[in-house]
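Asker:
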Amino acid sequence: MVEAKLLCDAHCHPTDHPEQLDEIAKMNACSLAIMATRMDDLDLVYETSQKYPDKTIAAFGYHPWFSHLVYTTPDPPESAWDHYKEVLVPTPTPEFVELLPFPKSFDEHLKRIESYLKNDPNSIVGECGLDKAFTLPIPGSNPRNLSQYHVSMDHQKEVFMKQLELATAYNRPVSIHGVHCPQTVYDCIINMENQPPSICLHSFTGSPAFLQSWFTPGRKQKKPKTKVFVSGSVLINITAEEKAAKLASHVPLDRILIESDYHAAGRDMDNYLMESFMRFAKAYGLEFAEAEKQFYRNYRNFVSPNSI
Numbered sequence: 070m071v072e073a074k075l076l077c078d079a080h081c082h083p084t085d086h087p088e089q090l091d092e093i094a095k096m097n098a099c100s101l102a103i104m105a106t107r108m109d110d111l112d113l114v115y116e117t118s119q120k121y122p123d124k125t126i127a128a129f130g131y132h133p134w135f136s137h138l139v140y141t142t143p144d145p146p147e148s149a150w151d152h153y154k155e156v157l158v159p160t161p162t163p164e165f166v167e168l169l170p171f172p173k174s175f176d177e178h179l180k181r182i183e184s185y186l187k188n189d190p191n192s193i194v195g196e197c198g199l200d201k202a203f204t205l206p207i208p209g210s211n212p213r214n215l216s217q218y219h220v221s222m223d224h225q226k227e228v229f230m231k232q233l234e235l236a237t238a239y240n241r242p243v244s245i246h247g248v249h250c251p252q253t254v255y256d257c258i259i260n261m262e263n264q265p266p267s268i269c270l271h272s273f274t275g276s277p278a279f280l281q282s283w284f285t286p287g288r289k290q291k292k293p294k295t296k297v298f299v300s301g302s303v304l305i306n307i308t309a310e311e312k313a314a315k316l317a318s319h320v321p322l323d324r325i326l327i328e329s330d331y332h333a334a335g336r337d338m339d340n341y342l343m344e345s346f347m348r349f350a351k352a353y354g355l356e357f358a359e360a361e362k363q364f365y366r367n368y369r370n371f372v373s374p375n376s377i
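Under this note's numbering, think of the first position of the sequence shown as 70, with each following residue one higher.
(1) My parser needs the alpha helix (DSSP H) runs of 4 or more residues fully inside the stretch 103-175; what are they?
(2) DSSP on Glu227, reduced to helix/strand/coil?
(3) Using a Cβ-Cβ cutoff of less than 8 Å, which residues in the same chain neighbour Lys95 once the five nearest sequence positions on both sides are dropped?
(4) Below 9 Å between beta carbons: does that hold for Gly195 and Ser118?
(5) Sort Ser373, Val220, Asn263, Tyr218 by Cα distance to Glu234 and report the nearest one.
(6) Any contact of the stretch 145-157 with the stretch 113-128, i.e. 3+ C-beta pairs under 8 Å?
(7) Kindly indicate the opening and closing residues of the beta strand (DSSP E) around Ala79.
(8) Based on the DSSP secondary-structure assignment, which residues constitute the bridge partners of Cys269?
(9) Compare the beta carbon distance of Ala98 and Ala128 with 9 Å and say whether it is the shorter of the two.
(10) Consult DSSP for His319 and reduce its assignment to one of helix, strand or coil.
(11) Can you tell me whether Val303 is helix, strand or coil according to DSSP?
(12) From Gly247 to Leu168, what does the alpha carbon distance come to, in whole angstroms?
(13) Report the three-state DSSP secondary structure of Leu235 (helix, strand or coil).
(14) Between Leu205 and the rest of its own chain, which residues show a CB-CB distance below 6 Å, the 5 nearest in sequence each way excluded?
(15) Ordered along the chain, which non-local residues of its own chain (more than five positions away) have a Cβ less than 8 Å from that of Ile126?
(16) Is the CB-CB distance between Lys187 and Tyr239 below 9 Å?
(17) How many Å lie between Arg107 and Leu138 at the Cα?
(18) Could you give the distance in angstroms between the alpha-carbon of Phe279 and the alpha-carbon of Phe273?
(19) In whole angstroms, what separates the C-alpha of Lys226 from that of Cys81?
(20) Helix or strand or just coil, what does DSSP make of Cys99?
(21) Taking the Cβ atom as the reference point for each residue, do Pro328 and Ala79 lie within a distance shorter than 9 Å?
(22) Classify Glu196 as helix, strand or coil using the three-state DSSP reduction.
(23) Can you tell me which of the three DSSP states His86 falls into?
(24) So the beta strand (DSSP E) Ile43 belongs to, where does it begin and stop?
(25) Kindly identify the DSSP beta-bridge partner or partners of His249.
(26) In or out: Gln232 buried (at least 16 other Cβ within 10 Å) or exposed?
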């Protein structure tokens with residue numbers, strides 16, 4: 070296989086396996102957008118981006134899978150029960166709540182995200198978003214069994230909107246997780262008076278036809294102010310050539326991104342990224358060199374929309 074020199078991973082999680090972070094220096098990919106997802110990984114994402122400034126873009130955000138663990142009010146709830154009975158659906162049992170930690174302030178965490186955005190002018194916001202399909206695992210179960218509980222969409226939206234507003238205030242791109250709720254994600258952004266400069270609908274799994282709302286809105290629809298990109302990974306949403314072709318038929322060539330969405334730096338991440346690259350190159354009918362240059366331009370346009 071021809072070796073690519075300009076492959077950029079628009080969404081990945083190498084800090085999930087810190088013991089492999091030194092593999093970044095050896096990787097074929099020329100740039101990785103590395104995502105924070107929780108309260109305890111911001112520091113590592115920042116440290117990694119500072120160690121490999123020429124090969125990484127730091128993304129600071131809070132994933133919807135963990136949104137139940139934070140409260141968005143100015144003051145803390147009186148008890149864990151008071152919090153979880155409001156944010157979980159259906160109402161949890163007291164026994165389940167006893168397995169969960171006392172929630173933390175999201176506003177305080179947002180201040181940490183903001184401080185990193187200030188310290189790193191090249192950083193972006195992510196991974197954040199909404200997930201209608203996710204159910205909480207039962208804490209302490211082995212293997213991890215799933216409960217019946219979802220995080221309410223209202224609570225997820227509060228956490229998501231705070232991050233969108235922060236990204237807008239600092240004029241930073243956003244990498245967005247959206248599962249089974251493309252309309253809600255769309256509404257959150259389209260109804261903002263001011264919007265982030267660019268967004269990536271990471272590993273978009275909704276109906277490709279829905280993307281018309283973003284790229285070719287109807288006469289009665291609002292036109293997004295943000296630059297909208299869509300990414301694909303062979304691990305998630307373009308697992309077959311047919312899926313890549315269908316997505317490509319609804320996404321303009323200059324708005325497609327490739328990603329691995331993989332959790333460890335190294336050869337596997339490179340391989341998954343290359344597979345995603347080849348899949349989209351074929352879907353768009355591009356020769357290798359042409360696709361490499363195009364997808365590189367797209368990546369730079371997403372992460373640095375104000376400099377293109």
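The beta-carbon is built from N, C-alpha and C at its ideal position, and this holds for glycine as well.
Answerer: Judging by the given coordinates:
(1) Whole alpha helix (DSSP H) segments, 4+ residues: 111-120, 149-156, 163-166.
(2) Reading the sequence shown from its first residue, position 158 is the one you call residue 227. For Glu227, the three-state secondary structure derived from DSSP is helix.
(3) Here residue 95 refers to the residue found at position 26 when the sequence shown is read from its first residue. Excluding residues up to 5 positions away in sequence, Gly335 lie with their Cβ nearer than 8 Å to the Cβ of Lys95 in the same chain.
(4) Indexing the sequence shown from 1 puts residue 195 at position 126. Indexing the sequence shown from 1 puts residue 118 at position 49. Contact: no.
(5) Here residue 234 corresponds to residue number 165 of the sequence shown, with the count starting at 1. Of the residues Ser373, Val220, Asn263, Tyr218, the one whose Cα lies closest to the Cα of Glu234 is Asn263.
(6) The stretch 145-157 makes no contact with the stretch 113-128: fewer than 3 CB pairs, one atom from each, lie closer than 8 Å.
(7) Translated into the one-based positions of the sequence shown, residue 79 becomes position 10. Residues 77-81.
(8) Within the sequence shown, numbered from 1, the residue matching residue 269 stands at position 200. For Cys269, the pairing in a beta bridge is given by DSSP as Ser244, Phe298.
(9) Working through the sequence shown from its first residue, we reach residue 98 at position 29. Working through the sequence shown from its first residue, we reach residue 128 at position 59. Between Ala98 and Ala128, the CB-CB gap reaches or exceeds 9 Å.
(10) Your numbering for residue 319 matches position 250 in the sequence shown. Coil, per DSSP.
(11) The sequence position of residue 303 within the sequence shown is 234, counting from 1. Val303 falls in the coil class under three-state DSSP.
(12) Start at 1 with the first residue of the sequence shown, and residue 247 comes out as number 178. Start at 1 with the first residue of the sequence shown, and residue 168 comes out as number 99. Each residue's Cα considered, the two are about 27 Å apart.
(13) By 1-based counting over the sequence shown, the position of residue 235 is 166. In the three-state scheme derived from DSSP, where H, G and I count as helix and E and B as strand, Leu235 is classed as helix.
(14) As a first step, residue 205 is located in the sequence shown; it is residue number 136 there, counting from the start. Spatial neighbours of Leu205 in its own chain (CB-CB distance under 6 Å, excluding positions within 5 residues in sequence) are listed in chain order as Ser216, Tyr218.
(15) In the sequence shown, the residue the question calls residue 126 occupies position 57. Ser100, Leu101, Ala102, Ile103, Ser118, Asn191, Ser192, Ile193, Val372.
(16) As a working note, residue 187 is residue 118 in the sequence shown. As a working note, residue 239 is residue 170 in the sequence shown. For Lys187 and Tyr239, yes; Cβs fall inside 9 Å.
(17) For the purposes of this step, residue 107 is taken as residue 38 along the sequence shown, with counting starting at 1. For the purposes of this step, residue 138 is taken as residue 69 along the sequence shown, with counting starting at 1. Looking at the two C-alpha atoms, the distance is approximately 10 Å.
(18) One-based indexing of the sequence shown puts residue 279 at position 210. One-based indexing of the sequence shown puts residue 273 at position 204. So the alpha carbons of these two residues sit roughly 11 Å apart.
(19) As a working mapping, residue 226 is identified with position 157 in the sequence shown. As a working mapping, residue 81 is identified with position 12 in the sequence shown. Distance between the alpha carbons of Lys226 and Cys81: 23 Å.
(20) The residue labelled residue 99 in the question sits at position 30 within the sequence shown. Residue state, collapsed to three classes: coil.
(21) Position 259 of the sequence shown, counted from the start, is the residue given in the question as residue 328. Position 10 of the sequence shown, counted from the start, is the residue given in the question as residue 79. At residue 328 the sequence reads Glu, which differs from the Pro that was named. Contact flag set, yes.
(22) By 1-based counting over the sequence shown, the position of residue 196 is 127. In the three-state reduction of the DSSP assignment, Glu196 falls in the strand class.
(23) As a first step, residue 86 is located in the sequence shown; it is residue number 17 there, counting from the start. If DSSP states are grouped into helix, strand and coil, His86 belongs with coil.
(24) Residue numbering for the chain in the displayed model covers 70 to 377; residue 43 lies beyond these limits and cannot be assessed.
(25) Working through the sequence shown from its first residue, we reach residue 249 at position 180. Secondary-structure assignment with DSSP links His249 through no beta bridge to anything.
(26) For the purposes of this step, residue 232 is taken as the residue at position 163 of the sequence shown. Per the 10 Å Cβ criterion, buried.
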